[in-house]
Every structure is written in C-alpha cells, then in structure tokens.
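In the numbering used here, the protein residues as written are 5 to 168. Every residue, glycine too, gets a C-beta built ideally from N, C-alpha and C.
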C-alpha cells in the first residue's frame with residue numbers, strides 16, 4: 005500500500021511553484037529538486053510519483069525520479085535549487101529510463117500520465133520500481149544504512165509532478 009508523502013516546502017527550489025501538493029516548473033532550465041517531508045523506513049517503504057505533465061523538454065533527461073539520502077543536510081539546502089537528485093548524492097532515473105548515481109537499475113522510461121511506484125526492501129538493499137505493467141529492480145548498496153527520502157527533480161517549463 006502506498007503511503008502518501010508530501011513535498012517538503014521548506015527547501016529552496018526556485019522556479020518551482022507548489023500548490024495543493026502539485027509541483028509545477030514555471031521556468032525553463034535550471035534544476036529544482038523536491039524531496040518528501042518524511043523518510044522511508046521498513047514500516048513506510050512504498051511511495052509513488054505521478055507525472056501530470058512531462059513539460060516542454062524534448063529529451064528524456066530533464067525529469068528525474070528517485071531517492072535522496074539525508075546526508076545532503078541542511079547546510080546544502082541551496083543545492084536543491086541547482087542540482088538534480090544524483091548530483092546531491094542520491095539515486096535516480098530519467099524520463100528516458102537512464103540511471104544516475106551510484107547504483108544499478110534496469111531501464112524504465114516514463115512520461116506524462118505515469119505513476120512511478122517505488123518499493124524499498126531494506127533487508128536486501130533493493131528497490132522495485134513499477135510503471136504500469138513495466139517493472140525494474142534496482143540495487144542501492146547503502147539503502148539500509150542511511151535515512152532516505154523520495155525525491156523528484158524538474159528542469160523544463162510546465163513539468164507537473166506530485167507524490168502519490
């Protein structure tokens with residue numbers, strides 16, 4: 005069962021408006037990374053990201069979905085407005101399905117209308133990711149050892165996403 009997560013509005017993300025739980029990219033270019041207000045845990049290990057609109061970018065790299073470790077810390081909160089998930093030390097994949105960060109995961113593309121669901125298994129350091137009928141499995145070596153948050157990174161104008 006997916007437990008709804010909320011976007012942490014205390015972090016800096018210029019060019020991104022958050023209203024009614026939906027994040028909208030209002031500028032073209034420049035990363036805005038959003039994370040959830042609460043972390044994953046063995047009792048709260050499922051989450052999803054809904055892609056309401058993939059935005060105006062033609063390539064598949066300007067929208068990232070993944071996990072962000074807490075070791076980014078409050079001293080780096082300004083980085084949330086300039087870097088995407090893996091540049092902040094996390095693990096993610098792009099709309100085209102390419103993986104970024106220090107992990108291994110099968111390719112899983114997504115686009116407008118997709119609900120990308122994550123299920124973390126802390127005992128095996130694996131994440132099962134689904135998009136409709138498609139499924140991928142990723143291995144994050146440090147998953148059980150650190151506090152990890154659901155995260156989304158936006159780059160292109162008119163991208164709209166929400167945690168579900």
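Exercise. Any idea which residues DSSP pairs residue 39 with across the strands?
Worked result: 155
Exercise. Assuming residue 154 and residue 40 make a contact with CB atoms under 8 Å, what is their CB distance in whole Å?
Worked result: 4 Å
Exercise. How many Å lie between residue 121 and residue 52 at the Cα?
Worked result: 4 Å
Problem set entry | Own chain, CB closer than 6 Å to residue 95, minus 5 neighbours either side, in chain order | 70, 71, 105, 107, 144
Problem set entry | For residue 126 and residue 147, believed in contact at Cβ under 8 Å, the rounded distance | 6 Å
For this session: On the DSSP bridge assignment, give the partners of residue 102 in chain order.
Result: Its beta-bridge partners do not exist; DSSP assigns none.
Exercise. Nearest CA to the CA of residue 132: which residue from 152, 151, 116, 109?
Worked result: 109
Exercise. For the ligand GDP, is there a heavy atom less than 6 Å away from the beta-carbon of residue 14?
Worked result: The ligand GDP is absent from the structure shown, which contains no ligand whatsoever.
Exercise. Whose CA, out of 19, 74, 138, 26, lies closest to the CA of residue 44?
Worked result: 74
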